[in-house]
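Here UniProt numbering is used: the first residue of the sequence shown is 1, the next is one more, and so on. Worksheet: the structure to be examined is printed underneath.
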Amino acid sequence: MDVQQIRKIIDDNNIKIVRFEICDFHGISYCKAIPSRHVEKKIEKGVPFYFGHLGYDPQAGIVSGTGYHEEVNYGDAVYFPDVNTFQKVPWTRDTARVLMYPKFQGEIVEGYPRTIAKKLLGELKEMGYSLYSSHEHEFFVVDAETRIPIIGGKQIRSTIRLAKQTDFFMQIANDLPQMGVDIESIETEYAPGQFEISYRPAFGLQSADNAFTYKNGIKEIAQGHGFLATFTTKPFPDHVGASAHFNHSLWDVDCTKNIMYDAKSPNGLSKVAHDWIAGILYHAPAITVLMSPTVSCLTRIRDHSFAPGHVTWGFDNRTTALRVS
Numbered sequence: 001m002d003v004q005q006i007r008k009i010i011d012d013n014n015i016k017i018v019r020f021e022i023c024d025f026h027g028i029s030y031c032k033a034i035p036s037r038h039v040e041k042k043i044e045k046g047v048p049f050y051f052g053h054l055g056y057d058p059q060a061g062i063v064s065g066t067g068y069h070e071e072v073n074y075g076d077a078v079y080f081p082d083v084n085t086f087q088k089v090p091w092t093r094d095t096a097r098v099l100m101y102p103k104f105q106g107e108i109v110e111g112y113p114r115t116i117a118k119k120l121l122g123e124l125k126e127m128g129y130s131l132y133s134s135h136e137h138e139f140f141v142v143d144a145e146t147r148i149p150i151i152g153g154k155q156i157r158s159t160i161r162l163a164k165q166t167d168f169f170m171q172i173a174n175d176l177p178q179m180g181v182d183i184e185s186i187e188t189e190y191a192p193g194q195f196e197i198s199y200r201p202a203f204g205l206q207s208a209d210n211a212f213t214y215k216n217g218i219k220e221i222a223q224g225h226g227f228l229a230t231f232t233t234k235p236f237p238d239h240v241g242a243s244a245h246f247n248h249s250l251w252d253v254d255c256t257k258n259i260m261y262d263a264k265s266p267n268g269l270s271k272v273a274h275d276w277i278a279g280i281l282y283h284a285p286a287i288t289v290l291m292s293p294t295v296s297c298l299t300r301i302r303d304h305s306f307a308p309g310h311v312t313w314g315f316d317n318r319t320t321a322l323r324v325s
């Protein structure tokens, strides 16, 4: 996509505001809302943005020692849009968004989450592989004022429970695919107000962008219905927690062949698949720090909780760290 194509989308859809968005380390969206008449200038010159957004806690508290605050005199980075991420936002009026990446003092910021993902995917490509992946996010939805879950009970996949909030889920099913997040299923989970909505996988960086769009989109759609959606792992101590399953496979660089499948193997897995599994298990302690960064996360990891309790793998086994299906 180029600037001329972006201008056409703006004019054809009467876009008045463009959100120039960034993603912090917690998957939280921050933006500057730019009137659409200034978009070309911002694409060319970039958007000044406080560098310290990369050193916030989830409540935007300043975390010292990160290198993003006092160490750089609380200065700005300049963020530049990835024009290929420009999209109309369907759940709000006359608005589009574009994702950005930062430069500080003219240099790419290697620690930015999206830049890290892009770099690692590039290293994987050099090895001859591409990543095909999606996330299964579980989340809770409560009334924004009372903080009471929008449905009661814990009957997982209950039709009656789901039917209580038809309008909310219809909007999710309609709006998210317009931003490339192709919803495949919607279901209630095993706690009051808990849900899981899965979507189709994608190759490369698109999968990470989809996860970012999905989480922030659901939060914003919920807000429009008077709800509050949270992806916090365990907001209610007396109920089960939420997970974010990372479903993935390795393919060739042309994205046409699943490298993990071997028809001649007794269990259908190739040597590459076995090596990949072994690497994940070997690095499980470090991966756990990244995947479970809060105290709330750690309370989720225990036996008999439909969460990983063992650093091992198995076929269709919910007690293992890595489940093959």
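Idealized CB from N, CA, C, for every residue including glycine. Quantities reported herein were computed from a predicted structural model and do not represent experimental measurements.
Open item on the list: When you compare the stretch 211-219 with the stretch 24-35, are there three or more beta-carbon pairs, one atom per stretch, that lie closer than 8 angstroms?
Closed with: yes
Open item on the list: Classify T188: buried if its beta carbon has 16 or more other beta carbons within 10 angstroms, exposed otherwise.
Closed with: Taking the sequence shown and counting its residues from 1, the one referred to as residue 188 is at position 188. Counting Cβ neighbours within 10 Å, T188 comes out buried, since at least 16 surround it.
Task: For T232, the nearest candidate out of C297, A278 and K8 (CA to CA) - done: As a first step, residue 232 is located in the sequence shown; it is residue number 232 there, counting from the start. Comparing Cα-Cα distances from T232 to each of C297, A278 and K8, the minimum goes to C297.
Open item on the list: Distance check for E138 and T230, CA to CA, integer angstroms please.
Closed with: The count along the sequence shown starts at 1 and reaches residue 230 at position 230. The count along the sequence shown starts at 1 and reaches residue 138 at position 138. In a straight line, the C-alpha of T230 is about 9 angstroms away from that of E138.
TODO: Return the Cβ separation of F168 and V240 in integer angstroms, given the expectation that the two are a contact with Cβ distance under 8 angstroms.
DONE: For the purposes of this step, residue 168 is taken as the residue at position 168 of the sequence shown. For the purposes of this step, residue 240 is taken as the residue at position 240 of the sequence shown. Between V240 and F168 the Cβ distance is about 21 angstroms, and since that is not below 8 angstroms, they are no contact.
- [ ] Tell me, please, which residues DSSP counts as bridged to C23.
- [x] For the purposes of this step, residue 23 is identified with residue 23 of the sequence shown, where counting begins at 1. According to DSSP, which records beta bridges pairwise, C23 is partnered with S29.
TODO: Out of F25, D11 and I15, point me to the one whose CA is closest to P293's CA.
DONE: On the sequence shown, position 293 is the one that residue 293 refers to. Here the closest residue by C-alpha is F25.
- [ ] Could you tell me which of Y79, S207, I9 and H69 sits nearest to G106, measuring between CA atoms?
- [x] As a first step, residue 106 is located in the sequence shown; it is residue number 106 there, counting from the start. Checked all of Y79, S207, I9 and H69; the closest Cα to G106 is Y79.
- [ ] Determine which residues share a DSSP beta bridge with H245 and list them.
- [x] Here residue 245 refers to the residue found at position 245 when the sequence shown is read from its first residue. Answer is E136.
Task: Spatial neighbours of L290 in its chain, beta-carbon cut-off 6 angstroms, leaving aside the 5 residues before and after - done: If you number the sequence shown from 1, residue 290 lands on position 290. Closer than 6 angstroms at Cβ, skipping near neighbours: no residue.
- [ ] Answer with buried or exposed for T85, where buried requires no fewer than 16 other C-beta atoms within 10 angstroms of its C-beta.
- [x] If you number the sequence shown from 1, residue 85 lands on position 85. Buried.
Task: Minimum C-alpha distance to D94 - residue among E126, S134, K16 and V63 - done: Residue mapping note: residue 94 aligns to position 94 of the sequence shown, counting from 1. Cα-wise, what sits closest to D94 is K16.
Open item on the list: What would DSSP say about T146, mapped onto helix, strand or coil?
Closed with: Indexing the sequence shown from 1 puts residue 146 at position 146. Of the three classes helix, strand and coil, the one that applies to T146 here is coil, per DSSP.
- [ ] Would you kindly work out how many angstroms separate the C-alpha atoms of I10 and S36, rounded to a whole number?
- [x] In the sequence shown, residue 10 corresponds to position 10, counting from 1. In the sequence shown, residue 36 corresponds to position 36, counting from 1. Cα to Cα, the separation comes out at about 7 angstroms.
- [ ] Indicate the three-state DSSP secondary structure (helix, strand or coil) for I221 in the structure shown.
- [x] Position 221 of the sequence shown holds residue 221. Of the three classes helix, strand and coil, the one that applies to I221 here is helix, per DSSP.
Task: Proximity below 8 angstroms, CB of D209 to CB of L120 - done: In the sequence shown, counting from the first residue as 1, residue 209 sits at position 209. In the sequence shown, counting from the first residue as 1, residue 120 sits at position 120. No, the pair does not count as a contact, with Cβ atoms beyond the cut-off.
- [ ] Decide if P237 is buried, meaning its Cβ has at least 16 other Cβ atoms within 10 Å, or exposed.
- [x] Your numbering for residue 237 matches position 237 in the sequence shown. Burial call: exposed.
TODO: In the DSSP assignment, find the beta strand (DSSP E) that holds L322 and state where it starts and stops.
DONE: For the purposes of this step, residue 322 is taken as residue 322 along the sequence shown, with counting starting at 1. Segment T320 to V324, the beta strand (DSSP E) holding L322.
TODO: Pick out whichever of Q178, A96, N174 and F140 has its Cα sitting closest to the Cα of Q194.
DONE: Here residue 194 is taken as the residue at index 194 of the sequence shown, counted from 1. It is F140 whose Cα lies nearest to the Cα of Q194.
- [ ] Helix, strand or coil for M100, going by three-state DSSP, please let me know.
- [x] Here residue 100 is taken as the residue at index 100 of the sequence shown, counted from 1. If DSSP states are grouped into helix, strand and coil, M100 belongs with the strands.
Task: Under the three-state DSSP convention, the category T288 falls into - done: The residue labelled residue 288 in the question sits at position 288 within the sequence shown. In this structure, T288 counts as helix in the three-state DSSP scheme.
TODO: Run the CB neighbour count on residue 330, radius 10 Å, all protein chains shown included, and call it buried at 16 or more, exposed below.
DONE: One cannot answer for residue 330 here, as it falls past the ends of the chain, which runs 1 to 325.
Task: Three or more C-beta pairs below 8 angstroms linking the stretch 154-172 and the stretch 275-288 - done: no
Task: Beta-bridge pairing of F80 - partner residues as DSSP gives them - done: Position 80 of the sequence shown holds residue 80. Y101.
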